[in-house]
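For the record, the sequence lines run as chains A and B.
Under numbering that gives the first Met the number 0, the first residue of the first sequence carries the number 0, and numbering increases by one thereafter.
Under numbering that gives the first Met the number 0, the first residue of the second sequence carries the number 0, and numbering increases by one thereafter.
Here is the structure we will look at, set down as structure tokens.
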Amino acid sequence: MAEIVAGIATSHVPFLAMHPQFELAEEGQRTRVVAGLGEARTLLEQARPDVIVIFSTDHFDRCFYDNLPAFLVGVGEEAEGPVNEWLGMPKVKLKVAGGLGRFIVSEGLDNGVDFALSQELPLDHAEVVPLSFLTPQWDIPIVPVVVNAFAPPMPSLKRCWQVGAFIRKAIERWPEKKRVAVVGTGGLSHWVGPPETGKVNAEFDHWFLQCLVEGKSAEVIEKYKKAEELEKIAGNGGQEIRDWLAVAGAMPARLKPRVLAYEPIPQWATGTGVMAWARS
Amino acid sequence: MSLYQVNKLLRDINRSAELAQRCRTEPEAVLQHYELTAEEQKAIQDWQVRTLYDMGANPLLLLVYSMATGRDMRAYVTAINQKS
Numbered sequence: 000m001a002e003i004v005a006g007i008a009t010s011h012v013p014f015l016a017m018h019p020q021f022e023l024a025e026e027g028q029r030t031r032v033v034a035g036l037g038e039a040r041t042l043l044e045q046a047r048p049d050v051i052v053i054f055s056t057d058h059f060d061r062c063f064y065d066n067l068p069a070f071l072v073g074v075g076e077e078a079e080g081p082v083n084e085w086l087g088m089p090k091v092k093l094k095v096a097g098g099l100g101r102f103i104v105s106e107g108l109d110n111g112v113d114f115a116l117s118q119e120l121p122l123d124h125a126e127v128v129p130l131s132f133l134t135p136q137w138d139i140p141i142v143p144v145v146v147n148a149f150a151p152p153m154p155s156l157k158r159c160w161q162v163g164a165f166i167r168k169a170i171e172r173w174p175e176k177k178r179v180a181v182v183g184t185g186g187l188s189h190w191v192g193p194p195e196t197g198k199v200n201a202e203f204d205h206w207f208l209q210c211l212v213e214g215k216s217a218e219v220i221e222k223y224k225k226a227e228e229l230e231k232i233a234g235n236g237g238q239e240i241r242d243w244l245a246v247a248g249a250m251p252a253r254l255k256p257r258v259l260a261y262e263p264i265p266q267w268a269t270g271t272g273v274m275a276w277a278r279s
Numbered sequence: 000m001s002l003y004q005v006n007k008l009l010r011d012i013n014r015s016a017e018l019a020q021r022c023r024t025e026p027e028a029v030l031q032h033y034e035l036t037a038e039e040q041k042a043i044q045d046w047q048v049r050t051l052y053d054m055g056a057n058p059l060l061l062l063v064y065s066m067a068t069g070r071d072m073r074a075y076v077t078a079i080n081q082k083s
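If you want it as structure tokens, here you go:
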């Protein structure tokens, strides 16, 4: 049976990997964020995962209102991206752990989680940016799970946590003796496109991080049952905390959470955070 | 229905550097492939992102479409806060 060996949640703001936008952030802030990602990479390396299940969102690069799944699992053999050329990032190609992806989908369909699947899911910056820091050798196969955290109507926070918890059980039932890490990307508070673009709500971000550290995902879920309420306080980009909650839902009790970095960076228009769940 | 077409155009531009380029050099040729009202066409041709936002276009799409067509974040923030 497979085992979950680590969890990481991190922002995926593209400016982390774009120049000169990266340098717009104050030096101390960007240094601390990169150090947090470096620490996350070290924790991952120590955990020696064979596979990474990565919860991320989309930015209308792969999904649109012509076909909009709530939870979409990549089940092919490899994936390439990011899709958007205007980001100016070099394209990368990495292996997809299609066997685990297909297992998760079929376990879900048999047991009450109706995943969509894609045999040819390209990568978005939501995967490429964090993985460029966490696994820069691009040598660990992934199972991408795209959560609709970008195009209303979206699955509830509660559902995202539950899907994370379901995927933990599926991984633990997967009849392969593999070590699996779970990564979630997005957030924290940010407004992407509306007149408030550039605003960051550090108070919300600190509260959210503290809830996860204390194992109180339920408090977040209870407070923000409606996406509109979350959007008011954390922005449309703040909807991406769904991916963090999915990781929290997937974590076994033996892995302890802690915050590795948090900086409110208006120059990147994002409350930028990094968190890990690891053996203490 | 029509707003779906606006969002679809923005999505297509976000996905295709070639289309983003054509949207600047020959916008009419691009826009004719979408079912847009005259008001929507004008707002896109004149890069009136605030007008499109007030019409109900998706804000994330407005931002990425703007980036894809060569506008920077500072210009975008100014434009999205500019009421006509």
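Glycine included, every Cβ here is placed at the ideal spot set by N, Cα and C.
> Whole-angstrom Cβ separation of lysine 5 of chain A and leucine 254 of chain A, contact assumed at under 8 Å?
Replying inline: Lysine is not the amino acid found at residue 5 of chain A; the sequence shown has alanine there. For a cut-off of 8 Å, the C-beta gap from alanine 5 of chain A to leucine 254 of chain A is around 7 Å, short enough to register as a contact.
>> Going by the DSSP bridge assignment, what does methionine 17 of chain A pair with across the sheet?
In response: Note: methionine 17 of chain A sits in no beta bridge, so no partner.
>> Are the CB atoms of alanine 24 of chain A and tryptophan 267 of chain A within a distance shorter than 7 Å?
In response: A contact, by the Cβ cut-off of 7 Å.
> In three-state DSSP terms, what is methionine 0 of chain B?
Replying inline: Low confidence applies here, because methionine 0 of chain B scores a pLDDT of 48, under 50, leaving its location unreliable; read the following figure in that light. Residue state, collapsed to three classes: coil.
>> Please classify histidine 32 of chain B as buried or exposed, where buried requires at least 16 other C-beta atoms within 10 Å of its C-beta.
In response: That one is exposed.
> Over what stretch of residues does the beta strand (DSSP E) that includes tryptophan 276 of chain A continue unbroken?
Replying inline: First-last of the beta strand (DSSP E) with tryptophan 276 of chain A: 269-277.
> For threonine 184 of chain A, which beta-bridge partners are listed by DSSP?
Replying inline: DSSP output for threonine 184 of chain A lists A:Thr9 as bridge partner(s).
>> Is there a Cβ of chain A sitting closer than 7 Å to that of valine 76 of chain B, yes or no?
In response: Valine 76 of chain B counts as touching chain A.
> Going by the beta-carbon positions, is the gap between leucine 42 of chain A and cysteine 159 of chain A smaller than 7 Å?
Replying inline: For leucine 42 of chain A and cysteine 159 of chain A, no; Cβs fall outside 7 Å.
> DSSP puts phenylalanine 63 of chain A in a beta bridge; with which residues?
Replying inline: Answer is A:Asn66, bridged to phenylalanine 63 of chain A.
> Per DSSP, what kind of secondary structure is isoleucine 139 of chain A in: helix, strand or coil?
Replying inline: If DSSP states are grouped into helix, strand and coil, isoleucine 139 of chain A belongs with coil.
> What are the boundary residues of the alpha helix (DSSP H) that includes glycine 80 of chain A?
Replying inline: Judged by DSSP secondary structure, glycine 80 of chain A falls outside any alpha helix (DSSP H) and instead within the beta strand (DSSP E) spanning 77-80.
>> Tell me the DSSP secondary structure of glycine 98 of chain A in three-state form.
In response: Helix, per DSSP.
> If you measure beta-carbon to beta-carbon, which residues of the segment 180-200 of chain A are closer than 7 Å to chain B?
Replying inline: Residues passing the 7 Å Cβ filter: Val191, Gly192, Pro193, Pro194, Thr196 and Gly197.
> Are glutamate 239 of chain A and threonine 56 of chain A closer than 7 Å when you measure CB to CB?
Replying inline: Contact flag set, yes.
> Which class does tyrosine 52 of chain B belong to by DSSP, given the choice of helix, strand or coil?
Replying inline: DSSP places tyrosine 52 of chain B in helix when its eight states are reduced to three.
> Is isoleucine 141 of chain A closer than 7 Å to isoleucine 53 of chain A when the C-beta atoms are compared?
Replying inline: Yes, they are a contact pair.
>> By the DSSP assignment, the alpha helix (DSSP H) with threonine 58 of chain B in it spans what residues?
In response: A small correction: the amino acid at residue 58 of chain B is proline; threonine does not occupy that position in the sequence shown. Start and end: 58-67.
> Using CA coordinates, which residue listed in B:Arg21, B:Leu35 and B:Thr36 is at the minimum distance from valine 29 of chain B?
Replying inline: The option with the nearest alpha carbon to valine 29 of chain B is B:Arg21.
> How would you list, in chain order, the residues of chain B whose beta-carbon sits under 8 Å from the beta-carbon of tryptophan 173 of chain A?
Replying inline: Here the premise fails: no neighbours, minimum Cβ distance about 34 Å.
>> Tell me the residue span of the beta strand (DSSP E) that contains tyrosine 75 of chain B.
In response: For tyrosine 75 of chain B, no beta strand (DSSP E) segment is defined; the enclosing uninterrupted segment is the alpha helix (DSSP H) at 72-79.
> What span of residues does the beta strand (DSSP E) with alanine 115 of chain A cover, start to end?
Replying inline: That run of the beta strand (DSSP E) goes 115-117.
> Using a C-beta to C-beta distance shorter than 9 Å, which residues of chain A count as neighbours of proline 58 of chain B?
Replying inline: Chain A residues near proline 58 of chain B: Trp190, Val191, Gly192, Pro193, Pro194, Thr196 and Asn235.
> Buried or exposed: where does threonine 24 of chain B fall if 16 or more other Cβ atoms within 10 Å of its Cβ makes it buried?
Replying inline: So threonine 24 of chain B ends up on the exposed side.
> Of all the CB atoms in chain B, is at least one closer than 7 Å to the CB of tryptophan 160 of chain A?
Replying inline: Output row for tryptophan 160 of chain A: interface = no.
> Rounded C-beta distance between alanine 78 of chain A and leucine 93 of chain A? I'm assuming under 8 Å.
Replying inline: Indeed they touch by this definition, with Cβ atoms about 6 Å apart.
> Of all the residues that make up the segment 135-156 of chain A, which are near chain B by a beta-carbon distance shorter than 8 Å?
Replying inline: Listed in sequence order: Phe149 and Ala150.
> Using a C-beta to C-beta distance shorter than 7 Å, which residues of chain B count as neighbours of tyrosine 64 of chain A?
Replying inline: Scanning chain B for C-beta atoms nearer than 7 Å to the C-beta of tyrosine 64 of chain A yields Tyr3 and Asn6, reported in chain order.
> Can you name, in chain order, every residue of its own chain whose Cβ lies under 6 Å from the Cβ of leucine 187 of chain A, other than the five neighbours on each side?
Replying inline: Contacts found: Asp204, Gly270 and Gly272.
> Exposed or buried, methionine 250 of chain A, counting other C-beta atoms within 10 Å across all chains shown (16 or more means buried)?
Replying inline: By the neighbour-count criterion, in which 16 or more other beta carbons inside 10 Å mark a residue as buried, methionine 250 of chain A falls on the buried side.
> Exposed or buried, asparagine 83 of chain A, counting other C-beta atoms within 10 Å across all chains shown (16 or more means buried)?
Replying inline: Buried is the call here.
> Grouping DSSP H, G and I as helix and E and B as strand, with all else coil, what is phenylalanine 165 of chain A?
Replying inline: Three-state result, phenylalanine 165 of chain A: helix.
>> Any beta carbon of chain A sitting closer than 7 Å to that of methionine 0 of chain B?
In response: Because the pLDDT at methionine 0 of chain B is just 48, under 50, the model does not fix this residue reliably, and the value given afterwards should be weighed accordingly. No - not a single Cβ of chain A is within 7 Å of the one on methionine 0 of chain B.
>> Counting only C-beta atoms, is methionine 54 of chain B closer than 7 Å to chain A at any point?
In response: Chain A contact via Cβ: absent.
> Ends of the beta strand (DSSP E) at lysine 255 of chain A?
Replying inline: From DSSP, the beta strand (DSSP E) with lysine 255 of chain A extends over 255-264.
> Which residue comes first and which comes last in the beta strand (DSSP E) that contains valine 212 of chain A?
Replying inline: Per DSSP, valine 212 of chain A belongs to no beta strand (DSSP E); it is in the alpha helix (DSSP H), 201-212.
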